[in-house]
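Notes to accompany the following structure.
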Amino acid sequence: MHSLLIIIYLLVAGVASGLTSSMAGMGSIFSYPVLLSLGVPPVNADVTNTAALIFTGVGAGASSTKELRHEPRMTLQVALTSLVGGIVGSYILVKAPASSFEKVVPFIIAFAGILMVVANRRPVQARAHVLTGWQQFGRLVAIFGVGLYIGYFGASAGIILLALLSVTNNLPFPVNNAIKNFSSLLTNIISLIIYAFNTKVYWQYVLPLGIGFFIGGYIGPIWFRHIPARLLRSAIAIGAFVLAGYLFVTAYFG
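Right, dumping it as structure tokens:
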């Protein structure tokens with residue numbers, strides 16, 4: 000394929016992935032297959048995709064300052080907890096391949112879809128209570144687990160984190176989405192640093208893909224504000240179930 004066509008190909012995939020990542024947490028649904036189609040080996044495609052995903056976080060953060068200022072303490076708590084998990088997960092990936100984990104991923108994503116359905120069916124008042132000490136600890140452990148998952152495997156981790164936040168607090172949905180985007184940004188940065196010293200990153204693909212990610216990541220949160228939360232949660236839940244089904248088929252029958 001001609002180099003200019005490759006750049007356009009990556010830009011378009013980046014914009015689409017940036018939108019889905021910043022609005023739903025499914026950033027790899029377009030970009031990862033595109034990298035594979037260009038001949039990048041699976042592990043290298045995953046790492047290269049992580050590098051480009053950072054641009055989504057930057058774009059989404061730039062257009063989500065209003066939401067991030069809404070709950071700075073929660074943002075910092077979630078971001079730091081997932082960051083620590085990401086460090087642990089990245090080191091585990093360096094020592095042990097993620098191939099065996101692929102068979103578990105569809106069930107994790109399907110569970111995230113179920114959480115999103117639960118969040119959609121419960122009234123805001125039902126989520127508005129203050130968590131007890133043990134409940135807060137449990138939420139932090141779960142967030143740490145999501146961060147570990149981002150560092151180790153990462154497929155659609157944003158859906159899982161967004162679903163978790165949606166059922167454990169009463170914050171507006173766009174605020175939870177902004178917290179998810181910011182936390183994923185920090186975790187992806189530290190994961191990339193660890194990956195870069197241990198495997199090959201296809202940097203020639205990172206820039207065009209990253210520019211697309213930035214554009215999509217910037218636009219996504221703006222659109223997010225104007226779409227009803229119930230509709231968004233329903234769409235994300237459906238997307239999670241579809242993706243879980245696809246990953247199940249590829250993991251067990253591919």
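Heads up: the sequence shown begins at 0 in numbering that gives the first Met the number 0, then just goes up one per residue.
Glycine included, C-beta positions come from ideal geometry on N, C-alpha and C.
As the structure is a computational prediction, the values presented were derived from the model and not from experiment.
Residue i versus residue j - alpha carbon distance
i: Leu40; j: Leu79; result: According to the sequence displayed, residue 40 carries Pro and not Leu. Using only the alpha carbons, I get a separation of about 31 Å.
i: Pro71; j: Phe252; result: 44 Å
i: Leu161; j: Ile178; result: 8 Å
i: Gln134; j: Val140; result: 10 Å
i: Leu262; j: Phe29; result: Because residue 262 is not part of the residues shown, which for the chain are 0 to 253, the question remains open.
i: Arg138; j: Phe110; result: 16 Å
i: Gly144; j: Ile7; result: 36 Å
i: Gly157; j: Thr131; result: 25 Å
i: Arg224; j: Ser20; result: 15 Å
i: Glu11; j: Gln203; result: Sequence inspection shows Val at residue 11; the Glu mentioned does not correspond to that position. Cα-Cα distance, rounded: 16 Å.
i: Ala236; j: Ile107; result: 13 Å
Classification of residue i by the beta-carbon crowding that lies within 10 angstroms, buried from 16 upward
i: Thr47; result: buried
i: Leu4; result: exposed
i: Thr249; result: exposed
i: Val14; result: buried
i: Arg232; result: buried
i: Pro173; result: buried
i: Thr167; result: buried
i: Val103; result: exposed
i: Ser36; result: exposed
Contacts around residue i, its chain only, beta-carbon distance under 7 Å, and the 5 residues preceding and following it disregarded
i: Tyr201; result: Val39, Asn43, Thr47
Cβ-based neighbour list, residue i, same chain, cut-off 8 Å, excluding 5 preceding and 5 following
i: Leu164; result: Val77, Leu170, Asn175, Ile178, Lys179
i: Ile91; result: Leu147, Gly150, Tyr151
Neighbourhood of residue i by C-beta, 6 Å cutoff - its chain only, sequence neighbours within 5 removed
i: Met22; result: Gly219, Phe223
Do the segment 56-71 and the segment 192-208 touch if we need at least three Cβ pairs shorter than 8 Å?
With a cut-off of 8 Å, the segment 192-208 and the segment 56-71 do not count as touching, because too few Cβ pairs lie within range.
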